[in-house]
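Numbering-wise (UniProt numbering), the sequence shown opens with residue 1 and increments by one.
Contents: one structure, followed by commentary.
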Amino acid sequence: MRSQFLQLTFWIYFVFQSVSCKENSFLSEHWNHPLPIQTNPDVYLTESESNYNPDKCANCHMNQYKGWKTSFHAKSIGNGFLWQKAILSKDELNSCLHCHSPLPETKSEVSDTYQNKEILGSKNKHFPEGISNPSIQCASCHIRNQIWYGPPSTKQSNNQIESLGIRMPHNGYKVQMEFESSSFCKSCHESPKSGQKLNGKNLMEVYKEWEESSYSKNGIQCQNCHMPNREHTWKGIHDPEFVRGGLQPIWSLSRTLNGEIQINAELKSIAIGHKFPTYLITKVYLRFFVTNRIGQRKLIEESIVGRLVSTSLTEEYFDTRIAPGNSHVVSVRIADKEKEIKTIDWVIEVDPDEHYIRSFEESLREKSNSISETTKKLLQLSLSEKRESRYILFTSSLPVPVSLPK
1 MRSQFLQLTF WIYFVFQSVS CKENSFLSEH WNHPLPIQTN PDVYLTESES
51 NYNPDKCANC HMNQYKGWKT SFHAKSIGNG FLWQKAILSK DELNSCLHCH
101 SPLPETKSEV SDTYQNKEIL GSKNKHFPEG ISNPSIQCAS CHIRNQIWYG
151 PPSTKQSNNQ IESLGIRMPH NGYKVQMEFE SSSFCKSCHE SPKSGQKLNG
201 KNLMEVYKEW EESSYSKNGI QCQNCHMPNR EHTWKGIHDP EFVRGGLQPI
251 WSLSRTLNGE IQINAELKSI AIGHKFPTYL ITKVYLRFFV TNRIGQRKLI
301 EESIVGRLVS TSLTEEYFDT RIAPGNSHVV SVRIADKEKE IKTIDWVIEV
351 DPDEHYIRSF EESLREKSNS ISETTKKLLQ LSLSEKRESR YILFTSSLPV
401 PVSLPK
């Protein structure tokens, strides 16, 4: 039971088990976990440049900093992660941290493994004020061995950047095209090929779904949608406006010859480069309600878009996710012999954290007596946060059509 439970932790979302980046030597080295400490005797940096606190990065990169502060990258070590420290082994915890807190310096805030003299010395040097948030930080992606890396400049050529060199803050940076490629995101957003499978599918196949889509063939990368204009917000399923931009709900009502009401509805994926919703956490509910002449409302149809698996991750019950460019179709016929139905409503609700809610509720029931009060409180806080993440994505009402003339 314990080994099954561990699979529902955050590491199933970001687990890194030596994901292959052999097709790209830079990425293979850049995400070679565990990452090295930030040291390089051949590089000279001022005291200010050596401070990797994201607040310092904001001095020159305010827009990126503001975006990051609101992002889930900045919340990767939250209540939902921290409560599980009590039930994870050291190796399991460290595996999770490879993606939730990539730098050894930030990992030292969460794991005893990373509290040796060398790492703590590096932390004191690069985070002299301490680390209040050991989540995914600017340096997690952009700094290795005291060398900055990033995408091509929008204002200067690669040669200009290289020629400026040490005259720029932190000695400039090395241009890497990979920062604008979906492959840069793969190591933390794709289960390893050797990972657990259900019905022939990995638990997480975001990169594969994109790779097999027309978006990949047309050169549309993850960054085009999730980092437009190089924003560092990484908006996703928790952002209603962002989600609405990728979907098109279409529906109509009609009367049949025998007086029944025919509902034809379609939720189409029009601007999403992977299955919707991706992975197995989120569920989307398509519900239809009838309202009669005296204002009474009743649910008549519900379908679920998502991938539903057991909390132990050992069984898949269904997978109704929508592939890029495809649709989820609902066709329902209801009786209305007395012509009592006045309107029909279509409501689409998104539960971004359904699987976590189900899993954490089970943990609270079964583990309340075996975990500390501190851990229990973190679990309760996380469960509350995830319950509050639900939102109405779309709602529409149509009048019931009149009967066809006989």
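The beta carbon of each residue, even a glycine, is placed where N, CA and C say it ideally should be.
Small disclaimer: the values here were computed from a predicted structure and weren't measured.
- Here residue 229 is exposed. Its C-beta has fewer than 16 other C-beta atoms within 10 Å.
- Per the DSSP secondary-structure output, residue 285 pairs in a beta bridge with 304, 349.
- For residue 242, the uninterrupted alpha helix (DSSP H) segment begins and ends at 240 to 244.
- Relative to residue 73, the option among 38, 133, 51, 41 whose CA is nearest is 133.
- Here residue 133 carries a coil assignment [DSSP, helix/strand/coil].
- Residue 150 sits close to residue 142, with the two beta carbons spaced by under 7 Å.
- In the structure shown, the three-state DSSP call for residue 150 is strand.
- Inter-residue distance for residue 285 and residue 303 is about 6 Å (C-alpha atoms, whole angstroms).
- Of the other Cβ atoms in all chains shown, 16 or more fall within 10 Å of the Cβ of residue 135; this residue is therefore buried.
- Rounded to the nearest angstrom, the gap between the Cα atoms of residue 300 and residue 349 is 16 Å.
- Residues 180, 181, 182 of the same chain have their beta carbon placed closer than 7 Å to that of residue 221, with the five preceding and five following residues left out of the count.
- In the structure shown, residue 223 adopts helical secondary structure according to DSSP, grouped into three states.
- With respect to residue 93, residue 108 sits apart: the two C-beta atoms are not nearer than 7 Å.
- About 5 Å separates the beta carbon of residue 389 from that of residue 353, a gap short enough to meet the 8 Å contact definition.
- Contact between residue 50 and residue 117 is ruled out by a C-beta separation of about 18 Å, above the 8 Å threshold.
- When the five nearest sequence neighbours on each side are left out, the beta carbons in the same chain lying within less than 6 Å of the beta carbon of residue 399 are those of 343, in order along the chain.
- The C-beta of residue 97 has 16 or more other C-beta atoms within 10 Å across all chains shown, which makes the residue buried.
- Between the C-alpha atoms of residue 325 and residue 280 there is a straight-line separation of about 20 Å.
- Residue 250 and residue 332 have their alpha carbons spaced roughly 14 Å apart.
- In the three-state DSSP reduction, residue 356 falls in the helix class (H, G or I).
- Residue burial is scored here from C-beta neighbours: residue 351 has at least 16 other C-beta atoms within 10 angstroms and is therefore classed as buried.
- Residue 249 sits in a strand when the DSSP states are folded into three classes.
- Using a 10 angstroms sphere on the CB of residue 271, the tally of other CB atoms stays under 16, which defines it as exposed.
- In the three-state scheme derived from DSSP, where H, G and I count as helix and E and B as strand, residue 167 is classed as helix.
- Assigned with DSSP and collapsed to three states, residue 104 falls in helix.
- DSSP lists 254, 333 as the beta-bridge partner residues of residue 262.
- When C-beta atoms of the stretch 193 to 207 are compared with those of the stretch 248 to 264, fewer than three pairs fall below 8 Å, so the two segments do not count as touching.
- Per DSSP, the continuous alpha helix (DSSP H) segment holding residue 119 begins and ends at 117 to 126.
- One thing to note: residue 320 has its Cβ within 7 Å of the Cβ of residue 305.
- In the three-state reduction of the DSSP assignment, residue 319 falls in the strand class, which pools E and B.
- Using a Cβ-Cβ distance cut-off of 8 Å, the stretch 72 to 88 and the stretch 201 to 210 are not in contact, since fewer than three pairs of beta carbons, one from each stretch, lie closer than that value.
- In the displayed model, residue 275 falls within coil according to three-state DSSP, outside both helix and strand.
- By the 16-neighbour rule on beta-carbons within 10 angstroms, residue 137 is buried.
- Burial of residue 243 is indicated by the presence of at least 16 other C-beta atoms within 10 angstroms of its C-beta.
- Assignment of residue 328 by DSSP, reduced to helix, strand and coil, places it in the strand class.
- Annotated as proximal: residue 139 and residue 103, with beta-carbon spacing under 7 Å.
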